[in-house]
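The sequence shown begins at 1 in the UniProt record's numbering and counts up by one. We put the CB at the ideal spot given by N, CA and C, even for glycine. Only one structure is covered here, and it is reproduced in the block below.
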Amino acid sequence: MPDIPFGFSLPGAQPPDPSDPQQMQQFMAQLQQMFAAPGSGPVNWDLARQVAASQLSATGDPAVNMLERHQVEEALRLADLWLDPVTALPSGIRKSVAWNRNEWIYNTLDVWKKLCEPIAGRMVGAMGDLVPEEARLQLGPMQSMVATLGGALFGGQLGQAFGQLAAEVLSAGDIGLPLGPAGTAALVPSNIKAYGSGLELPEDQVRLYVALREAAHQRLFGHVPWLRAHVLSAVEAYANGITVNREAIEEAMSRVDPTDPESMQAMALEGIFTPEDTPQQKAGLARLETALALIEGWVGQVVDAAAGDRLPSVVPLGEAFRRRRAAGGPAEQTFAALVGLELRPRRLREAGALWTAVTEHRGIPGRDALWDHPDLLPTDEDFADPEVFARTRTDWDISELDNLGEGPKED
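Below, the structure is given as structure tokens:
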């Protein structure tokens, strides 16, 4: 018997047996408690955390031991030293930590809230709109249960997605977004070990390569003050154009019998969220993909330059990570199916070629100076001919760029 009502399991619960009245009574009591839980938004985040923790408990979430903490700290320290000669951006690491999978969720959840709540709000609103006007008047205050149901549904599904992501991510900045606390470089040792085993490469080299990537991300987001807001706003702008397929919600809800956990299992979010096919949405997607590609391309370039002849496996590691970021792992694909957000840099190789050309023509200081202002960065069109962009001078006065759009100053 499945134990996944609404597509998720009740945390800590055993699969209820419909033929056992006592088990079903306990199950319904837990379900009632879930609906009674207070919520301040469209997502039941407490439930999301519980579901993710329950999922990780079932699959395994080994605690980080002292040796692993030492290995992570040393890898990040060495990575920062190797990066010094290959970038003009100074170290952005104020704290080096090793996380287990639950700690990754806990420390990145605040950013996920900001990204996911607008989408969840539209789903909850769409569920409420499915209730006929006459029924709404009859339901009165009980109509809030629709929002509670939507918040629980989305929270449970997100909990599943976070549990899967946490079992795959290698570091705080692994998927290109500034998810963790500013200045905190974090690696996930258990996932690095599993990933290195799959590549059949030495674990210490994989760890150091991941540390180089994490340290490079910290430099970029730590010393480019506008970048964090720029990337997150690009994600939010794209998310704002994601619409809710009300027919998909109606069809899914029609299969649910609140007294039958097995029917609740059929309620899933895949296919409910779809991007709008509008010029604005296409532009938003292009802006997001370009931002992620530029970040990933820059990180890849400086990491490969830093590793150079020092890391014997740098070539296969670099290629493996490019494939991984371009395709996305199973967990990233699940997350995209759930909330409609694909966080992949589709033009990664073009971005890498562009940063290489810029470095050759302008040197390291000229390359990294492009991060001084968003208007200096390459656009999607520049990917087509990196050499032309690299040779074009950009001796702009940044203060003038910042003043664009302001009205004339009074005398």
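Out of N240, A63 and A53, which has the shortest C-alpha to C-alpha gap to G155?
-> Of N240, A63 and A53, the residue nearest in Cα terms is A53.
For the beta strand (DSSP E) that contains T243, what are its first and last residues?
-> Element bounds for T243: I242 to V244.
In the DSSP assignment, find the unbroken alpha helix (DSSP H) run with T184 in it and report its ends.
-> No alpha helix (DSSP H) contains T184, which is instead part of the beta strand (DSSP E) from T184 to L187.
Around the Cβ of R391, are there at least 16 other Cβ atoms within 10 angstroms (buried) or fewer (exposed)?
-> So R391 counts as exposed.
Could you pull out every residue in the same chain whose Cβ sits closer than 8 Å to the Cβ of P316, ignoring the five residues on either side in sequence?
-> Excluding five sequence positions before and after P316, the CB atoms of its chain that fall closer than 8 Å to its own CB belong to L199 and L201, given in chain order.
DSSP puts V97 in a beta bridge; with which residues?
-> Per DSSP, A186.
Roughly how many angstroms separate the alpha carbons of A237 and T59, rounded to a whole number?
-> Cα-Cα distance, rounded: 35 Å.
Under 9 Å, do G173 and F221 count as touching if we go by C-beta distance?
-> Yes, the pair counts as a contact, with Cβ atoms nearer than the cut-off.
Which residues bound the alpha helix (DSSP H) around D61?
-> From DSSP, D61 is part of no alpha helix (DSSP H); its letter is neither H nor E.
Identify every residue that forms a DSSP beta bridge with S171.
-> Beta-bridge pairing links S171 to L187.
Would you kindly work out how many angstroms separate the C-alpha atoms of D372 and R246, rounded to a whole number?
-> Taking the straight line from one Cα to the other gives about 43 Å.
For S54, which of helix, strand or coil comes out of DSSP?
-> DSSP places S54 in helix when its eight states are reduced to three.
Could you spell out the range, first to last residue, of the alpha helix (DSSP H) harbouring P365?
-> Residue range L348 to A369 is occupied by the alpha helix (DSSP H) that includes P365.
Note the first and the last residue of the continuous alpha helix (DSSP H) segment covering G284.
-> Its alpha helix (DSSP H) spans residues P279 to A307.
Pull up the distance between the alpha-carbon of Y106 and that of L170, whole angstroms please.
-> One alpha carbon belongs to Y106, the other to L170, and they sit about 15 Å apart.
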